[in-house]
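In full-length UniProt numbering, the protein residues as written are 1 to 136.
Heads up, the beta-carbon is just placed ideally off N, CA and C, and yes, glycines get one too.
Below is one structure; the comments refer to it alone.
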């Protein structure tokens, strides 16, 4: 939440726990030291799964979940997904001829979002630049 950076993600044709494990493993590889991090999510089934909860604990991550039926508790991610849909999906749905094409577009968008897209909250810097600046 501090930098608005998308740390990791994973796409799948249908929700499954393998997708969630892949997403977590990518985050752990990117930032091996996550002790003290607070991971906030909605109350989706995957975030309530015992393996998921234990994996966060093993890495020193505190889990935070929004209240049931309260989108405002998860407003940062709700805002991100709204922005993502407006910028690469609505009006472009028919441009993606396959899951691979959509997956490639998503990868490009996340890279753009993290490394080029400036935001007021991050002092008009892209999220990665803001994170690096805040650490120096």
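From the DSSP output, in three-state form, read off residue i for me.
i	result
residue 122	helix
residue 127	helix
residue 69	coil
residue 79	helix
residue 5	coil
residue 90	coil
residue 51	helix
residue 116	coil
residue 96	coil
residue 104	helix
residue 84	helix
residue 16	coil
residue 132	helix
residue 10	coil
residue 34	coil
Identify every residue that forms a DSSP beta bridge with residue i.
i	result
residue 64	40
What residues in its chain sit with their C-beta under 8 Å from that of residue i, if we drop five residues either side in the sequence?
i	result
residue 99	11 and 13
residue 62	36, 37, 38, 39 and 56
residue 87	109
Can you list, in chain order, the residues of its chain with a C-beta nearer than 6 Å to that of residue i? Leave out the 5 residues immediately preceding and following it.
i	result
residue 55	24
residue 67	73
residue 3	127, 130 and 131
residue 19	10 and 12
If I measure Cβ to Cβ from residue i and keep anything under 7 Å in the same chain, skipping five residues before and after, which residues do I get?
i	result
residue 123	130
residue 27	7 and 8
residue 121	4
residue 47	41 and 65
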